[in-house]
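Here the structure comes first, spelled out in structure tokens, and everything after it is commentary.
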Amino acid sequence: MIGLLRRLQPPATPNEPAATALLEQLGAQRLEPSRELRGHDFFPPRRELQQVPRTVTAYRRRPAVRVLHLHYLSSYSDCYVAGFDPRTGWAVGYTNEPRLGLHDWGWFDLNVMCTVRYAGVPIFRRDLAWRPQPARTVIAPDRLAG
Numbered sequence: 024m025i026g027l028l029r030r031l032q033p034p035a036t037p038n039e040p041a042a043t044a045l046l047e048q049l050g051a052q053r054l055e056p057s058r059e060l061r062g063h064d065f066f067p068p069r070r071e072l073q074q075v076p077r078t079v080t081a082y083r084r085r086p087a088v089r090v091l092h093l094h095y096l097s098s099y100s101d102c103y104v105a106g107f108d109p110r111t112g113w114a115v116g117y118t119n120e121p122r123l124g125l126h127d128w129g130w131f132d133l134n135v136m137c138t139v140r141y142a143g144v145p146i147f148r149r150d151l152a153w154r155p156q157p158a159r160t161v162i163a164p165d166r167l168a169g
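Position 129, counted from 1, in the sequence shown is what our numbering calls 152; the numbers after and before it change by one each time, with no gaps.
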């Protein structure tokens with residue numbers, strides 16, 4: 024996850040092929056890589072994804088009042104999405120890697136996370152039971168500062 028997180032800086036240029044692929048996903052026409060191995064879609068249904076604010080809107084909010092709309096996890100990290108740009112696939116949110124002692128607000132590319140594998144197995148999966156909730160209910164108070 025360290026390589027996927029960009030500390031509090033939006034991406035310089037959109038990833039055009041990834042943006043096209045994501046737009047196709049939103050139109051329910053895209054066959055997602057690793058979907059069968061993961062057992063579920065990496066991206067939530069369109070109506071759920073439309074509830075997530077755009078990255079710029081979420082980024083401008085104070086971390087303590089941001090709402091975490093999506094939760095992605097792996098065996099070593101948690102990624103919480105506060106904002107998402109469907110044109111580029113970039114999200115703004117909070118990442119926690121407890122084994123490495125890393126935790127920070129930043130930007131990450133969900134299109135990349137969708138395709139990352141280790142030994143052929145997808146690394147990240149979406150928490151299907153997750154419901155949007157304020158960041159202050161999930162993140163320790165001393166880590167809320169962004």
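Heads up, the beta-carbon is just placed ideally off N, CA and C, and yes, glycines get one too.
Please read all numbers here as calculations on a predicted model, not as lab measurements.
Query	Result
Ordered along the chain, which non-local residues of its own chain (more than five positions away) have a Cβ less than 7 Å from that of N119?	S100, D101 and H126
Rounded C-beta distance between L91 and V135? I'm assuming under 8 Å.	That pair is no contact at about 20 Å.
Since T118 is in the alpha helix (DSSP H), which residue starts that stretch and which ends it?	Segment W113 to E120 is the beta strand (DSSP E) holding T118; no alpha helix (DSSP H) there.
Using 10 angstroms around the beta-carbon of G62, count the other beta-carbons present and answer buried if the total reaches 16, otherwise exposed.	exposed
Note the first and the last residue of the continuous beta strand (DSSP E) segment covering V104.	D101 to F107
Please name the residue in A87, G106, R84 and A168 whose C-alpha comes closest to that of H94.	G106
Just mark A142 as buried or exposed, buried being the case when its beta carbon has 16 or more other beta carbons within 10 Å.	exposed
Could you spell out where the alpha helix (DSSP H) holding L60 opens and where it closes?	R58 to R61
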